[in-house]
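Reviewing the structure listed below.
Okay, structure coming up:
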């Protein structure tokens, strides 16, 4: 989501039981989101901090990977996101990753 809507995200998340974290698979997009100040990290951390313990990760824009729908890119993203969410308190084994476009 856009940074201007973070307040709305916090309001909604504080009442949620489950969160769907959308991660862009495009080259550069994923890396920006998972970077130290990236929104992927920020949103996952906010969800956990606000008490959301169930997480689904949608790996979006799989059609824009090289080659399109690259399984290795999906697995790379899954590994990196799993590593981060484990650090903040989620159990990666209980998180479903779904490739979407």
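Numbering (my numbering), first residue to last: 2 to 102.
Don't be surprised by glycine CBs; every beta carbon is placed ideally from N, CA and C.
Keep in mind the model is a prediction, meaning the values are calculated, not measured.
Would you kindly work out how many angstroms separate the C-alpha atoms of residue 31 and residue 78, rounded to a whole number? Sequence index remark: in the chain shown, residue 31 carries index 30 (1-based). Sequence index remark: in the chain shown, residue 78 carries index 77 (1-based). Computed Cα separation, rounded: 8 angstroms.
When you compare each of 63, 8, 23 and 13 to residue 57 by their alpha carbons, which one comes out closest? The residue given as residue 57 occupies position 56 in the chain shown. Measuring from the Cα of residue 57, the nearest candidate turns out to be 23.
Residue nearest to residue 97 in terms of C-alpha spacing, selected from 29, 13 and 55: Translated into the one-based positions of the chain shown, residue 97 becomes position 96. The shortest C-alpha separation from residue 97 is found at 55.
Can you tell which of 73, 42, 38 and 47 has its C-alpha closest to the C-alpha of residue 16? Taking the chain shown and counting its residues from 1, one reaches residue 16 at position 15. Per the Cα distances, 47.
Where does residue 60 land, buried or exposed, given buried means 16+ other C-beta within 10 angstroms? Your numbering for residue 60 matches position 59 in the chain shown. By the Cβ-count criterion, residue 60 is buried, with 16 or more other Cβ atoms from all chains shown falling within 10 Å of its own Cβ.
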